[in-house]
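Novice:
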Amino acid sequence: AQKITQTQPGMFVQEKEAVTLDCTYDTSDQSYGLFWYKQPSSGEMIFLIYQGSYDEQNATEGRYSLNFQKARKSANLVISASQLGDSAMYFCAMREGVGYSSASKIIFGSGTRLSIRP
Amino acid sequence: DTGVSQNPRHKITKRGQNVTFRCDPISEHNRLYWYRQTLGQGPEFLTYFQNEAQLEKSRLLSDRFSAERPKGSFSTLEIQRTEQGDSAMYLCASSLRRVGAPMGTEAFFGQGTRLTVV
Chain A
918 AQKITQTQPG
928 MFVQEKEAVT
938 LDCTYDTSDQ
948 SYGLFWYKQP
958 SSGEMIFLIY
968 QGSYDEQNAT
978 EGRYSLNFQK
988 ARKSANLVIS
998 ASQLGDSAMY
1008 FCAMREGVGY
1018 SSASKIIFGS
1028 GTRLSIRP
Chain B
39 DTGVSQNPRH
49 KITKRGQNVT
59 FRCDPISEHN
69 RLYWYRQTLG
79 QGPEFLTYFQ
89 NEAQLEKSRL
99 LSDRFSAERP
109 KGSFSTLEIQ
119 RTEQGDSAMY
129 LCASSLRRVG
139 APMGTEAFFG
149 QGTRLTVV
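First to last, the protein sequences are chains A and B. The letter at position 52 of the first sequence is residue 969 when you use the working numbering, and the numbering goes up by one with no holes. The letter at position 80 of the second sequence is residue 118 when you use the working numbering, and the numbering goes up by one with no holes.
Set out below in structure tokens:
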């Protein structure tokens, strides 16, 4: 069965430092997609980055990069040069069976609360 | 506004009453998801649709919950005989699944409907 594990309930980081948020997943499927979302205190879920299981290179989007280690089933989010506005909850998520006809939901981890110190 | 729209934003109801929430997905998005989120937790999958077909429903969803997506456009989530444990944020998300498209597309979330059962 699908499962996402985020083992860091909360993290404090100094502004301008890099931070890594951990995510491990469990799936028996060979085709899957991994996502990271940010949820500020205002409540909206903001998509950050996506990694497909067959993508050979790690995904990057601006200051966000995904450290994808398939054999370890981990998909850690790296935020470079953190900013005060990065303070939020961060959720790792996964969808199995990414083909058009596949029927699969997106499941989320329990999240990590990131706090950036000035 | 071309994002996912949810109405109402807030709902306070007495225990035992029925409530209905509406979600308007991004135009042409064929997949629509419903999630429930309680404070400090990740979104919990409830159900999802591809066009008008309900493809999966969480086992956590009791018979008091029902969702529809007539004509594959907007969706409604109804909770009958509400209980205090139903108090949560109900999130709707949509995504586009295209034949031949790169594997996986992100889901875009609405602002949510916050339900309080008193």
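Heads up, the beta-carbon is just placed ideally off N, CA and C, and yes, glycines get one too.
(1) If you reduce the DSSP assignment to three classes, tell me which class E932 of chain A lands in.
(2) Chain A partners of Q149 of chain B, CB-CB under 8 Å?
(3) Strictly below 8 Å CB to CB, what residues from chain A border N103 of chain B?
(4) So with Cβ pairs under 8 Å, would you call P46 of chain B a contact of chain A?
(5) Would you grab the beta carbon distance between D939 of chain A and Q923 of chain A for me? Rounded to a whole angstrom, and I think it's under 8 Å.
(6) Could you pull out every residue in the same chain whose Cβ sits closer than 6 Å to the Cβ of I1033 of chain A, ignoring the five residues on either side in sequence?
(7) Could you tell me which uninterrupted beta strand (DSSP E) segments, each at least 3 residues in length, are contained entirely in the region 952-1033 of chain A, listed from first to last along the chain?
(8) Taking the alpha-carbon of G979 of chain A as reference, which of A:S991, A:R989, A:D972, A:I966 has the nearest alpha-carbon?
(9) Going by DSSP, name the residue or residues bridged to E116 of chain B.
(10) Ordered along the chain, which non-local residues of its own chain (more than five positions away) have a Cβ less than 7 Å from that of T149 of chain B?
(11) Nearest to P63 of chain B by CA position, among B:G80, B:E94, B:R102, B:E90, is which residue?
(12) For C130 of chain B and T58 of chain B, what's the separation of their Cα atoms in angstroms?
(13) Quick one: is K955 of chain A buried, meaning 16 or more other Cβ sit within 10 Å of its Cβ, or exposed?
(14) Tell me whether the beta-carbon of P81 of chain B lies closer than 8 Å to the beta-carbon of F1025 of chain A.
(15) Counting C-beta neighbours from all protein chains within 10 Å, is the total for L98 of chain B 16 or more, i.e. buried, or is it exposed?
(16) Determine the DSSP secondary structure at G950 of chain A, reduced to helix, strand or coil.
(17) By how many angstroms is the C-alpha of R53 of chain B removed from the C-alpha of N68 of chain B?
(18) Using CA coordinates, which residue listed in B:V155, B:R119, B:F112, B:V156 is at the minimum distance from E66 of chain B?
(19) Of the choices B:Q118, B:V156, B:V155, B:L134, whose alpha-carbon is the least far from that of F146 of chain B?
(20) If we ignore side chains and look at the alpha-carbon of each, how far apart do E973 of chain A and D124 of chain B end up?
(21) Could you tell me which of A:K920, A:A918, A:D943, A:Q925 sits nearest to G1028 of chain A, measuring between CA atoms?
(22) Roughly how many angstroms separate the alpha carbons of G950 of chain A and Q968 of chain A, rounded to a whole number?
(23) Along the chain, where does the beta strand (DSSP E) containing R152 of chain B start, and where does it finish?
Specialist: Looking at the atomic coordinates:
(1) Three-state result, E932 of chain A: coil.
(2) Those are G960, E961, listed as they occur along chain A.
(3) A small correction: the amino acid at residue 103 of chain B is Phe; Asn does not occupy that position in the sequence shown. Those do not exist, as F103 of chain B stays about 15 Å from chain A at its closest Cβ, beyond 8 Å.
(4) With 8 Å as the cut-off, P46 of chain B does not count as an interface residue toward chain A.
(5) Their Cβ separation, rounded to whole angstroms, is 6 Å, which keeps D939 of chain A and Q923 of chain A in contact under 8 Å.
(6) Excluding its 5 nearest sequence neighbours in each direction, I1033 of chain A has C-beta neighbours in its own chain below 6 Å: V930, E932, S999, L1001, D1003, S1004, listed in chain order.
(7) Complete beta strand (DSSP E) runs here, min 3: 963-969, 981-986, 991-996, 1005-1013, 1023-1025.
(8) When only C-alpha atoms are compared, the closest one is A:I966.
(9) B:T58, B:S104, per the DSSP bridge assignment.
(10) Per the sequence presented here, residue 149 of chain B reads as Gln, with Thr not at that position. Taken in chain order, the residues that qualify are Q44, R47.
(11) Comparing Cα-Cα distances from P63 of chain B to each of B:G80, B:E94, B:R102, B:E90, the minimum goes to B:E90.
(12) Rounded to whole angstroms, C130 of chain B to T58 of chain B spans 13 Å at the Cα level.
(13) Per the 10 Å Cβ criterion, buried.
(14) Cβ atoms of P81 of chain B and F1025 of chain A: closer than 8 Å.
(15) By the C-beta density criterion, L98 of chain B is exposed, having fewer than 16 other C-beta atoms within 10 angstroms.
(16) In this structure, G950 of chain A counts as strand in the three-state DSSP scheme.
(17) A straight-line Cα-Cα distance of about 34 Å links N68 of chain B and R53 of chain B.
(18) Residue B:F112 is the option with its Cα nearest to E66 of chain B.
(19) Nearest of B:Q118, B:V156, B:V155, B:L134 to F146 of chain B, Cα basis: B:L134.
(20) Near 42 Å, if we compare the C-alpha coordinates of D124 of chain B and E973 of chain A.
(21) Of the listed residues, the one whose Cα sits closest to G1028 of chain A is A:Q925.
(22) G950 of chain A and Q968 of chain A have their C-alpha atoms spaced approximately 6 Å apart.
(23) Start and end: 151-155.
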